[in-house]
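Q:
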Amino acid sequence: MNSSVTPFDFQGCLAACARGDRSALQALYDHEGSRLLGVVRRIVRDDAMAEDIVHDAFIRIWTRATSFDATRGSARGWIYSINRHLALNAVRDSRQETALDDADIATLVGEFDDGAIWSGSAKIYRCLEQLQPAPQRCVLHAYVDGCSHVEIASLMGAPLGTVKAWIKRSLEALRECMT
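Oh and the sequence shown: position 9 is 9 in UniProt numbering, straight run, nothing missing.
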C-alpha cells in the first residue's frame with residue numbers, strides 16, 4: 001500500500017485559474033469545497049447561506065486569481081480568507097449573532113495560513129500543541145475540515161461520545177489557554 005500522498009498544489013491551481021483554466025477551479029472545488037463549506041457553516045450557522053457564500057467565494061477566486069501574491073501568504077490561506085471574509089460580511093449584513101467565542105474563531109482562523117492572515121496564530125498553535133494528539137485531531141477535523149462529530153468518530157475509529165467529550169474538553173482548554 002502506497003502511503004505517500006502528494007500535497008495539493010493550491011498555488012498552481014490559482015495560477016491556472018488566472019490563465020482561465022476552468023478545470024483548475026473545478027479541481028480546487030473538488031479538493032477543498034467541502035472543508036470550506038464546513039468552515040463557513042460554523043461562521044454563519046445557516047446551511048443555505050453557507051452554500052451561497054462558498055459559491056460566491058469560488059466566483060471571486062476565479063475572477064481575482066490574478067491578484068494572488070505568494071509573497072503575502074499561502075494560496076490556501078488566501079482562498080480561506082476570501083471565504084471567511086464573505087461569511088463574516090454576510091453575518092454582519094444580516095445582523096445575525098453567532099455563538100462563536102474567541103477560542104472557536106482563533107481555531108478557525110489559525111489554521112488557514114502561516115501567520116500572514118492573522119497575527120495571533122502563533123498563540124493558537126502553542127495552545128493546540130498542548131492538547132493530546134487524538135483530541136487535537138478531533139478539534140482540527142471539526143473546525144478546519146468541517147467534519148461532523150459522526151464523521152470524526154469514523155475517521156478516528158473512536159466512539160461518538162468520546163469524540164464529543166474530546167472536542168468539548170479541548171475547546172475548554174483552548175479557551176483557557178487563549179485568555
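Even for Gly, the Cβ is constructed at its ideal location relative to N, Cα and C.
Bear in mind the structure is a predicted one, so any value in this text is a computation, not a measurement.
#1: One question on the structure: do R42 and Y143 come within less than 8 Å of each other, judged by their Cβ atoms?
#2: Three or more C-beta pairs under 8 Å: does that hold for the region 128-136 against the region 164-173?
#3: Spatial neighbours of C17 within its chain, please: CB distance less than 8 Å, with the 5 preceding and 5 following residues excluded, ordered by chain position.
#4: Going by DSSP in three states, D47 sits in which element: helix, strand or coil?
#5: Near H31, which residues of its chain fall below 7 Å by C-beta distance, leaving aside the five closest residues on each side in sequence?
#6: For A153 and M178, I'd like the C-alpha separation in whole angstroms.
#7: How long is the line joining the alpha carbons of V39 and R175, rounded to whole angstroms?
#8: For G146, count neighbouring Cβ atoms within 10 angstroms of its own Cβ and tell me buried if that reaches 16, exposed if not.
#9: Do you know offhand how far A15's Cα is from V139's?
#10: Going by other Cβ atoms of all chains shown within 10 Å of its Cβ, with 16 needed for buried, is E97 buried or exposed?
#11: State buried or exposed for N83, treating a residue as buried only when at least 16 other CB atoms are found within 10 Å of its CB.
#12: Could you have a look at Q96 and say whether DSSP puts it in helix, strand or coil?
#13: State buried or exposed for Y67, treating a residue as buried only when at least 16 other CB atoms are found within 10 Å of its CB.
#14: Taking A75 and Q11 to be in contact with their CB atoms under 8 Å, please state how far apart those CB atoms are, rounded to whole angstroms.
A: A quick look at the data gives this:
#1: yes
#2: yes
#3: Within the same chain, Cβ atoms closer than 8 Å to the Cβ of C17 are found at A24, L25, L28, I61, W62, A65, the five residues on either side in sequence being excluded.
#4: helix
#5: F8
#6: Between A153 and M178, the C-alpha separation is close to 26 Å.
#7: 19 Å
#8: buried
#9: 32 Å
#10: In this predicted model, E97 has a pLDDT of only 45, less than 50, meaning its place in the structure is not dependable; the value taken from the coordinates is given anyway. Exposed: under 16 other Cβ atoms inside 10 Å.
#11: buried
#12: For Q96, the pLDDT reaches just 41, beneath the cut-off of 50, and the residue's location in the model is therefore unreliable, although a value from the coordinates is still provided. Q96 falls in the coil class under three-state DSSP.
#13: A small correction: the amino acid at residue 67 is Ser; Tyr does not occupy that position in the sequence shown. Classification of S67: exposed, given that the 10 Å Cβ count is below 16.
#14: 4 Å
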